[in-house]
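S.K.:
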Amino acid sequence: ATADIAVTGLAVMGRNLARNLARHGHVVGLHNRTKARTDELVAQFGSEGTFVAADSLADLVASLKRPRKVIIMVKAGAGTDAVIDELADLLEEGDIVVDGGNAHYADTRRREAALRERGLHFVGTGVSGGEEGALNGPSIMPGGTREAYSTLGPILESIAAVVDGTPCCVHVGADGAGHFVKMVHNGIEYADMQLIAEAYDLMRSLLGRTPAELAEVFQGWNEGDLESFLIEITAEVLATPDPRTGSGALVDVVLDQAEQKGTGRWTVQIALDLGTPVSGIAEAVFARSLSGHAEQRRAAAGVLPGPAGSVTVGEEFVEDVRRALYASKVVAYAQGFDMIRAGAAEYGWDIDLGAMATIWRGGCIIRARFLDRIREAYEKTPDLTSLLVDPYFASAVSEAQEAWRRVVATAAAAGVPAPGFASALAYYDGLRRDRLPASLVQGLRDLFGAHTYKRIDAEGTFHVDWSGDKSEQDAS
Ligand code: NDP
Numbered sequence: 003a004t005a006d007i008a009v010t011g012l013a014v015m016g017r018n019l020a021r022n023l024a025r026h027g028h029v030v031g032l033h034n035r036t037k038a039r040t041d042e043l044v045a046q047f048g049s050e051g052t053f054v055a056a057d058s059l060a061d062l063v064a065s066l067k068r069p070r071k072v073i074i075m076v077k078a079g080a081g082t083d084a085v086i087d088e089l090a091d092l093l094e095e096g097d098i099v100v101d102g103g104n105a106h107y108a109d110t111r112r113r114e115a116a117l118r119e120r121g122l123h124f125v126g127t128g129v130s131g132g133e134e135g136a137l138n139g140p141s142i143m144p145g146g147t148r149e150a151y152s153t154l155g156p157i158l159e160s161i162a163a164v165v166d167g168t169p170c171c172v173h174v175g176a177d178g179a180g181h182f183v184k185m186v187h188n189g190i191e192y193a194d195m196q197l198i199a200e201a202y203d204l205m206r207s208l209l210g211r212t213p214a215e216l217a218e219v220f221q222g223w224n225e226g227d228l229e230s231f232l233i234e235i236t237a238e239v240l241a242t243p244d245p246r247t248g249s250g251a252l253v254d255v256v257l258d259q260a261e262q263k264g265t266g267r268w269t270v271q272i273a274l275d276l277g278t279p280v281s282g283i284a285e286a287v288f289a290r291s292l293s294g295h296a297e298q299r300r301a302a303a304g305v306l307p308g309p310a311g312s313v314t315v316g317e318e319f320v321e322d323v324r325r326a327l328y329a330s331k332v333v334a335y336a337q338g339f340d341m342i343r344a345g346a347a348e349y350g351w352d353i354d355l356g357a358m359a360t361i362w363r364g365g366c367i368i369r370a371r372f373l374d375r376i377r378e379a380y381e382k383t384p385d386l387t388s389l390l391v392d393p394y395f396a397s398a399v400s401e402a403q404e405a406w407r408r409v410v411a412t413a414a415a416a417g418v419p420a421p422g423f424a425s426a427l428a429y430y431d432g433l434r435r436d437r438l439p440a441s442l443v444q445g446l447r448d449l450f451g452a453h454t455y456k457r458i459d460a461e462g463t464f465h466v467d468w469s470g471d472k473s474e475q476d477a478s
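So the sequence shown is numbered by UniProt numbering: it starts at 3 and just counts up by one.
1. Quick check on DSSP: helix, strand or coil for K472?
2. With DSSP collapsed to three states, give me the class of P144.
3. Pull up the distance between the alpha-carbon of T383 and that of V313, whole angstroms please.
4. I need the DSSP call for H187, collapsed to helix, strand or coil.
5. Among the residues of its own chain, which have a CB less than 7 Å from the CB of Q196, if the five just before and after it don't count?
6. Based on the DSSP output, what are the partners of K71 in its beta bridges?
7. Does the distance from the C-beta atom of T10 to that of I74 stay below 8 Å?
8. Pull up the DSSP beta-bridge partners for T127, would you.
9. Whole angstroms is fine: what's the gap from M99's alpha carbon to S293's?
10. Going by DSSP in three states, S65 sits in which element: helix, strand or coil?
11. Closer than 7 Å to a non-hydrogen atom of the ligand NDP - does that hold for the CB of G132?
12. Return the bridge partner residues of P169 from the DSSP annotation.
13. Per DSSP, L32 forms a beta bridge with which residues?
14. For the alpha helix (DSSP H) holding F423, just list the boundary residues, first then last.
15. Quick one: does T52 have its CB under 8 Å from some CB of chain D?
16. Let me confirm a value: P169 is counted as buried when at least 16 other C-beta atoms fall within 10 Å, else exposed. Which label applies?
17. Measure the alpha-carbon distance for G175 versus Y349 and round it to whole angstroms.
18. Could you tell me whether the Cβ atoms of A214 and L232 are closer together than 8 Å?
19. What residue range does the alpha helix (DSSP H) around F464 cover?
20. Within 8 Å, do at least three Cβ pairs link the stretch 3 to 22 to the stretch 53 to 65?
21. How far does the alpha helix (DSSP H) with W268 in it reach, from first residue to last?
22. Counting only the same chain and skipping the five closest in sequence on each side, list residues whose C-beta sits under 8 Å from that of G250.
23. For the alpha helix (DSSP H) holding S330, just list the boundary residues, first then last.
24. Using a Cβ-Cβ cut-off of 6 Å (strictly less than) and excluding sequence neighbours within five positions of A217, which residues of its own chain qualify?
25. Please tell me whether, using a cut-off of 7 Å, the distance from the CB of L62 to the nearest non-hydrogen atom of the ligand NDP is below it.
26. Evaluate contact between the stretch 66 to 73 and the stretch 140 to 157, counting only Cβ atoms and requiring at least three cross-stretch pairs below 8 Å.
27. Specify, as a first and last residue, the run of the alpha helix (DSSP H) that K382 falls within.
28. Does the distance between the C-beta of L12 and the nearest non-hydrogen atom of the ligand NDP fall short of 7 Å?
29. Confirm, please, whether the CB-CB distance from D101 to T82 is below 8 Å.
30. Report yes or no: do the stretch 328 to 337 and the stretch 295 to 302 share at least 3 C-beta pairs separated by less than 8 Å?
31. Figure out for me which residue from A440, I368, R447 has the closest Cα to the Cα of Y192.
32. Rounded C-beta distance between A162 and P140? I'm assuming under 8 Å.
33. Using the C-alpha atoms, what's the distance from Y328 back to P393?
34. List the whole-angstrom C-beta distance separating R408 from D322, where the pair is believed to meet the contact cut-off of C-beta under 8 Å.
35. Taking only the alpha-carbon atoms, compute the straight-line gap between H453 and A344 and give it to the nearest angstrom.
36. Within the same chain, show all residues whose beta-carbon is closer than 6 Å to that of D352, passing over the 5 residues directly before and after it, in chain order.
Take a look at the structure:
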């Protein structure tokens, strides 16, 4: 046995991870259900390192040094279960099975428990950065036991992106923690993209700028606080003409119906279960759904009027939008980090939130300069109640708030939908409010359903005799 680690599933992600491993000096076992992919990898990239090609999973397992480490990079879902089942029969106590696919963390918890019973380690691992990241350094979010990480971690850290000398890979927590964090990462990515799209739409609709002109605006923004991969590629997409004609803008010929593979939806579904308001992510998922309802949109376009008057804005609107985008983005990240904390509490994971910000600084889609500020915030105060109350972010958001309010008001007045900006602002105002109208909601619940209420000035639970003399009864 000569291989240090193996990869099974050699489509784009698996192939690139295998090459990345080989380039870092690891001897890599290779396997794919359809052998042609394995052969192709060896033929094209065999010179990049040392590969051991296997025809079957049994051969793959035989090629590995112990404890054996096998990374599964197959289509998420039933395919992953099939491969795990076959592998588990071939492996021995102490061996490590890594699932680098986009698995649901609940599946990962189930698989981890099943393999643990058999004396095997199962490491559900979030991998972000797409195919480019897999090859040149992704952000890696491994779950599973500390024991498994002690053997596997150094290999994963060697192939991860590196920022300021620190690899973008850290042990996240037990069983499904890695895939949970990857899910929230993707949810934040949804929110971030929606906010960027709203910023573009507002400036285009109200200032009449062309996509090429807006590309320059985003390029400029990428020099400051907003510096991030998503802002950078926004400039690139907006600057690109229609490839068919070489003129116009690509963004004007792309069908305006956003698709989704499901991780954003999972984030919102789980957030509902955990009772964590991730309104920024939810608005982003729903905005994509709305965009897909083409027939409804066509029907409404002919019937529903917009505002009567027109809204004019000046040059300063660009800076307002930049500030609104930054503040809304801080809210989206604050909500995402709250959700990770809620998940950790629910499942008993010991997740270091600052470390999550650290490993998202490179390799992944949401890599951004301001993750450094998030890392600092959690390093200073590990049990920070909300990112928004960290002194740095509190002052950044308060500096932005007047502009943020102008943008949301302008969007409403002009009839340009900005659900991400508006809901982020509503969250901010809800969070800072001394008293919320939830008191009225509680009153209503008590009236129609005797659901009781608590008082601000006394301990206990109370109920009003609504159909009688309206006296208060102690319902404790
Ligand atoms: P795909 O999701 O397209 O999956 C194709 C691979 O899965 C092929 O190797 C295929 O083998 C194998 N496969 C499918 N079903 C089975 C099965 N029943 N038994 C054995 N093998 C099977 O590949 P990607 O490389 O795009 O993604 C791999 C994983 O990584 C997925 O879980 C994906 O969600 C995740 N991921 C993808 C990212 C991306 O940017 N693409 C980013 C991060 C994670 P065969 O060649 O024989 O058909």
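The beta-carbon is built from N, C-alpha and C at its ideal position, and this holds for glycine as well.
M.R.: Let's see:
1. Here the question's residue 472 lines up with position 470 in the sequence shown. Three-state result, K472: coil.
2. Along the sequence shown, read from residue 1 onward, the residue named residue 144 stands at position 142. Three-state result, P144: strand.
3. Along the sequence shown, read from residue 1 onward, the residue named residue 383 stands at position 381. Along the sequence shown, read from residue 1 onward, the residue named residue 313 stands at position 311. Each residue's alpha carbon lies about 44 Å from the other.
4. Along the sequence shown, read from residue 1 onward, the residue named residue 187 stands at position 185. In this structure, H187 counts as helix in the three-state DSSP scheme.
5. What you label residue 196 is simply residue 194 of the sequence shown in a count that begins at 1. Within the same chain, Q196 has close Cβ partners E285, A286, A289, G422.
6. The residue given as residue 71 occupies position 69 in the sequence shown. For K71, which the question treats as bridged, DSSP gives the partners I98.
7. Indexing the sequence shown from 1 puts residue 10 at position 8. Indexing the sequence shown from 1 puts residue 74 at position 72. Going by C-beta atoms, T10 is nearer than 8 Å to I74.
8. Here residue 127 refers to the residue found at position 125 of the sequence shown. Per DSSP, P144.
9. Here residue 99 refers to the residue found at position 97 when the sequence shown is read from its first residue. Here residue 293 refers to the residue found at position 291 when the sequence shown is read from its first residue. One point to set straight first is that residue 99 is Val, not Met, in the sequence displayed. Cα to Cα, V99 sits roughly 39 Å from S293.
10. Along the sequence shown, one-based indexing puts residue 65 at 63. DSSP places S65 in coil when its eight states are reduced to three.
11. Within the sequence shown, residue 132 is the residue found at index 130, counting from 1. Result yes, Cβ under 7 Å from the ligand NDP.
12. Translated into positions along the sequence shown, residue 169 becomes position 167. Beta-bridge pairing links P169 to V164.
13. As a first step, residue 32 must be located in the sequence shown, where it is residue number 30. Per DSSP, V9, A55.
14. Here residue 423 refers to the residue found at position 421 of the sequence shown. That run of the alpha helix (DSSP H) goes 421 to 434.
15. No chain D is present in this structure, which holds just one protein chain.
16. On the sequence shown, position 167 is the one that residue 169 refers to. By the neighbour-count rule (16 or more Cβ atoms within 10 Å), P169 is buried.
17. Numbered from 1 along the sequence shown, position 173 holds the residue referred to as residue 175. Numbered from 1 along the sequence shown, position 347 holds the residue referred to as residue 349. So the two alpha carbons sit approximately 10 Å from each other.
18. By 1-based counting over the sequence shown, the position of residue 214 is 212. By 1-based counting over the sequence shown, the position of residue 232 is 230. The answer is no: Cβ separation not under 8 Å.
19. Within the sequence shown, residue 464 is the residue found at index 462, counting from 1. Looking at the DSSP string, F464 is not in any alpha helix (DSSP H); the run it does join, the beta strand (DSSP E), is 464 to 466.
20. yes
21. For this step, residue 268 is matched to residue 266 along the sequence shown. Start and end: 265 to 276.
22. As a working note, residue 250 is residue 248 in the sequence shown. Taken in chain order, the residues that qualify are P243, D244.
23. Within the sequence shown, the letter at position 328 stands for residue 330. 318 to 349 is the span of the alpha helix (DSSP H), which, as asked, contains S330.
24. Stepping through the sequence shown from its first residue, residue 217 is reached at position 215. Hits under 6 Å: A237, L240, A241.
25. On the sequence shown, position 60 is the one that residue 62 refers to. Checking the Cβ of L62 against the ligand NDP gives no.
26. yes
27. Within the sequence shown, the letter at position 380 stands for residue 382. That run of the alpha helix (DSSP H) goes 373 to 382.
28. Within the sequence shown, residue 12 is the residue found at index 10, counting from 1. It does: the Cβ of L12 is within 7 Å (strictly closer) of some heavy atom of the ligand NDP.
29. Position 80 of the sequence shown holds residue 82. Position 99 of the sequence shown holds residue 101. Yes, the pair counts as a contact, with Cβ atoms nearer than the cut-off.
30. no
31. Numbered from 1 along the sequence shown, position 190 holds the residue referred to as residue 192. Comparing Cα positions, the closest option is I368.
32. Looking up residue 162 in the sequence shown gives position 160. Looking up residue 140 in the sequence shown gives position 138. Rounded, the Cβ-Cβ distance is 6 Å, consistent with contact.
33. What you label residue 393 is simply residue 391 of the sequence shown in a count that begins at 1. What you label residue 328 is simply residue 326 of the sequence shown in a count that begins at 1. So the alpha carbons of these two residues sit roughly 16 Å apart.
34. The residue given as residue 408 occupies position 406 in the sequence shown. The residue given as residue 322 occupies position 320 in the sequence shown. So it is a contact: roughly 5 Å between Cβ atoms.
35. In the sequence shown, counting from the first residue as 1, residue 453 sits at position 451. In the sequence shown, counting from the first residue as 1, residue 344 sits at position 342. Each residue's alpha carbon lies about 26 Å from the other.
36. Residue mapping note: residue 352 aligns to position 350 of the sequence shown, counting from 1. Cβ within range, chain order: G175.
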